[in-house]
Amino acid sequence: MERKTGVKTVQGDLGLMSLQDLLQWGSTRNITGALKVKSQDLVKTFYLQEGKIVFLTSNKEGERVGEFLAKYGELGLPLIRGAIEESQRRGIPFTAFLLSARIMDTATLSAAITQLVIMALADCLSWKSGAFQLNDALPPAILNGPIKLESADIFDRAQAYQQGGTGHEAGDSELLRQVAQRINSGDIDIPPVPDILVRLNECMTDEGPETQEILRIIMADQILTSKILKVVNSPYYGFSRQVTSLQHAIVFIGFKQMLNIVTAYSLNKIIMK
177 MERKTGVKTV QGDLGLMSLQ DLLQWGSTRN ITGALKVKSQ DLVKTFYLQE GKIVFLTSNK
237 EGERVGEFLA KYGELGLPLI RGAIEESQRR GIPFTAFLLS ARIMDTATLS AAITQLVIMA
297 LADCLSWKSG AFQLNDALPP AILNGPIKLE SADIFDRAQA YQQGGTGHEA GDSELLRQVA
357 QRINSGDIDI PPVPDILVRL NECMTDEGPE TQEILRIIMA DQILTSKILK VVNSPYYGFS
417 RQVTSLQHAI VFIGFKQMLN IVTAYSLNKI IMK
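So for the sequence shown, our numbering puts the first residue at 177; every next one is plus one.
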């Protein structure tokens, strides 16, 4: 690890000090600064204030904040870009401007930024090599924003995300095993794919999921809606407040996990027949 002379910057190799160690160190020491990590052409910066993650920038497609919020917040990109420019002009945090201008509500914004940070961290876990640079200053447009995420908790979620799920897969696998046993024993005929799965998969287009249509399909099944809300409000996620909106729930857990829940729900109905 090397400290630049005359500059309040620490840099080094991620092979010697991992991203997890850096975030833990920043958390225990209440570090405020910009932690930039790089691997080949990928560059991401996790902004810390008093040890908590308050923002993220990334040059990876799918992790650019404006595009991510536009996609998951059902907002137009021109609106997001205008909000970025206006927040910079006023010298206030971008996230704070989104709330003050009522472009997004607190729950949706918090859930979206949380999911984005989890995705970005999970991607970093797959890196074979990389470097880091920690600068002890935060840009004014980020300082004192409304989002403050506990580094250790977010990293645990990123590890689960990177491994392909949130701990619910064991139950899903057991359902699959039971179905396979019943098919092999002749106790069950292979049913057609449940209509809800067909319709949801049709909504997962190359341009991204059609959020409003997905919401409409799921909300037509109140039992499934309740199941998704139960999962997102489980102790595993540790959300700071009760999530009562299906849209906020899907933003928080992601479409992949949502489809896992729907699949498990559909298989369970087959088994119970």
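All residues carry an ideal CB built from backbone N, CA and C; glycine is no exception.
According to DSSP, residue i sits in a beta bridge with which residue or residues?
i      : result
Val450 : No answer is possible for residue 450: the residues shown for the chain start at 177 and end at 449.
Leu232 : Phe222
Leu325 : Ile229
If you reduce the DSSP assignment to three classes, tell me which class residue i lands in.
i      : result
Phe431 : helix
Val419 : coil
Gly341 : Reliability fails at Gly341, whose pLDDT of 47 lies under 50, so the model's placement of it is uncertain and the value that follows must be treated cautiously. Coil, per DSSP.
Arg240 : coil
Arg205 : coil
Ile318 : coil
Glu386 : coil
Ala336 : helix
Ala425 : helix
Asp397 : coil
Asp281 : coil
Met193 : coil
Asn436 : helix
Leu198 : helix
Ser302 : coil
Ser410 : coil
At what residues does the alpha helix (DSSP H) containing residue i begin and finish?
i      : result
Ala277 : Where Ala277 is concerned, there is no enclosing alpha helix (DSSP H), given that its DSSP letter is neither H nor E.
Ser263 : Leu253 to Arg266
Asn377 : Asp371 to Cys379
Taking 8 Å as the cut-off, is the CB of residue i close to at least one heavy atom of the ligand GDP?
i      : result
Asp189 : This structure lacks the ligand GDP; in fact it carries no ligand of any kind.
Point to revise | Sufficient close CB pairs (3 or more, under 8 Å) joining the segment 219 to 230 to the segment 273 to 285 | key: no
Exercise for review: Decide if the segment 187 to 203 is in contact with the segment 301 to 315; the criterion is three or more beta carbon pairs, one per stretch, under 8 Å apart.
Suggested key: The answer is yes - the segment 301 to 315 touches the segment 187 to 203, with three or more Cβ pairs under 8 Å.
Review point. So, do the segment 421 to 429 and the segment 386 to 405 have three or more beta carbon pairs nearer to each other than 8 Å?
Key: With contact defined as three or more Cβ pairs closer than 8 Å, the segment 421 to 429 and the segment 386 to 405 are in contact.
Check your understanding: If you pair each beta-carbon of the segment 258 to 277 with each one of the segment 322 to 342, do three or more pairs fall below 8 Å?
Key -> Because the criterion of three Cβ pairs below 8 Å is met, the segment 258 to 277 and the segment 322 to 342 touch.
Practice item. Report yes or no: do three or more beta-carbon pairs, one from the segment 199 to 218 and one from the segment 252 to 270, lie closer than 8 Å? Key: The segment 199 to 218 makes no contact with the segment 252 to 270: fewer than 3 CB pairs, one atom from each, lie closer than 8 Å.
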